[in-house]
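A.B. asks: First residue of the sequence shown? That's 1 in the UniProt record's numbering, and the numbers climb one at a time after it.
One structure, pasted below without further comment.
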Amino acid sequence: MSTIRSYRPADLEALYDVCIRTGHNGGDATGLYQDPRILPDIFTGPYLALRPELAFVLADEEDRAVGYIIGAADTPAFVDDFRRDWLPTVAGRYPEGSGAGRDAQRIRELHHPEWMWHEELAEYPAHLHIDLLPEAQGKGAGRALMGTYLAALRERGVRRVHLGMSAANHGARAFYDRLGFRELHRTGDGGGVTLGRETD
Numbered sequence: 001m002s003t004i005r006s007y008r009p010a011d012l013e014a015l016y017d018v019c020i021r022t023g024h025n026g027g028d029a030t031g032l033y034q035d036p037r038i039l040p041d042i043f044t045g046p047y048l049a050l051r052p053e054l055a056f057v058l059a060d061e062e063d064r065a066v067g068y069i070i071g072a073a074d075t076p077a078f079v080d081d082f083r084r085d086w087l088p089t090v091a092g093r094y095p096e097g098s099g100a101g102r103d104a105q106r107i108r109e110l111h112h113p114e115w116m117w118h119e120e121l122a123e124y125p126a127h128l129h130i131d132l133l134p135e136a137q138g139k140g141a142g143r144a145l146m147g148t149y150l151a152a153l154r155e156r157g158v159r160r161v162h163l164g165m166s167a168a169n170h171g172a173r174a175f176y177d178r179l180g181f182r183e184l185h186r187t188g189d190g191g192g193v194t195l196g197r198e199t200d
């Protein structure tokens, strides 16, 4: 029996592990990067540090984190905070311009967080990331996490939310479609998709 609770600092390493183990179109990204922590240092850590009030954990019977949902109610403000307050804490581990292949791409994303926002999303100011380990999927936990997060946004007066995903992650797209998300934007190469929905 799993439960949803607020994030605690003691969860950090477990949530980093979830991010890495689901970081390749929902599958394990451990062997794809020279330093796989680059993924949670972009997609998990800054939210836990900068927006912990919007971080919710899916915990198993032993209170071990097996999933999470995180995000920001105001994406432009989050991008500014990421650059000012988060990037200096991790930039030394991933110097700008370093790496090759996938690593280089992620390092560019880390140093240039403005990729998270564009004007087409002006009516969808909030965003989110949700990840569950395989053993936690298919049991309604993802839907429950999403409900918890959307309720938190509503409490803050936020009416719409968006998320970005790989177009190759067909399982995730089916999940989001069932929850009422619709396509807002697709990258020029078609590899990335932005989805959005109302919070109510």
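Don't be surprised by glycine CBs; every beta carbon is placed ideally from N, CA and C.
Please read all numbers here as calculations on a predicted model, not as lab measurements.
1) Please check the pair L150 and G142, which I expect to be a contact at CB under 8 Å, by giving their CB distance rounded to whole angstroms.
2) Is the beta carbon of S6 closer than 8 Å to that of D60?
3) Can you tell me whether W86 is buried or exposed? The criterion is at least 16 other CB atoms within 10 Å of its CB, across all chains shown.
4) Taking 8 Å as the cut-off, decide whether the C-beta atoms of L39 and L12 are in contact.
5) Counting along the chain, where does the beta strand (DSSP E) carrying V193 start and finish?
6) Suppose only complete runs of 4+ residues qualify. What are the alpha helix (DSSP H) ranges in the segment 54-111, listed by chain order?
7) Quick check: what's the CA-CA separation for D177 versus G31?
8) Apart from the five residues on each side of it in sequence, which residues of its chain come closer than 8 Å, Cβ to Cβ, to A168?
9) My guess is that L153 and A55 are in contact by the Cβ rule of under 8 Å, so how many angstroms apart are they, rounded?
10) Would you kindly check if the distance between the Cβ of L195 and the Cβ of L163 is under 8 Å?
11) For E135, which beta-bridge partners are listed by DSSP?
C.D. replies: So, to answer that:
1) In the sequence shown, counting from the first residue as 1, residue 150 sits at position 150. In the sequence shown, counting from the first residue as 1, residue 142 sits at position 142. Not really, about 12 Å apart at Cβ, beyond 8 Å.
2) Mapped onto the sequence shown, residue 60 falls at position 60. Mapped onto the sequence shown, residue 6 falls at position 6. Against a cut-off of 8 Å, the Cβ pair of S6 and D60 comes out as no contact.
3) Taking the first residue of the sequence shown as position 1, residue 86 is located at position 86. W86 comes out buried.
4) What you label residue 39 is simply residue 39 of the sequence shown in a count that begins at 1. What you label residue 12 is simply residue 12 of the sequence shown in a count that begins at 1. Not in contact: L39 and L12 (Cβ atoms no closer than 8 Å).
5) Here residue 193 refers to the residue found at position 193 of the sequence shown. 192-198 is the extent of the beta strand (DSSP E) around V193.
6) 75-81, 87-90, 102-111
7) Indexing the sequence shown from 1 puts residue 177 at position 177. Indexing the sequence shown from 1 puts residue 31 at position 31. Their Cα atoms are separated by approximately 30 Å.
8) The residue you call residue 168 lines up with position 168 of the sequence shown. Closer than 8 Å at the Cβ level, and outside the excluded window around A168, lie N25, G191.
9) As a working note, residue 153 is residue 153 in the sequence shown. As a working note, residue 55 is residue 55 in the sequence shown. The pair is not a contact, with the Cβ atoms about 13 Å apart (cut-off 8 Å).
10) Working through the sequence shown from its first residue, we reach residue 163 at position 163. Working through the sequence shown from its first residue, we reach residue 195 at position 195. Yes. Within cutoff.
11) For the purposes of this step, residue 135 is identified with residue 135 of the sequence shown, where counting begins at 1. According to DSSP, E135 bridges with nothing at all.
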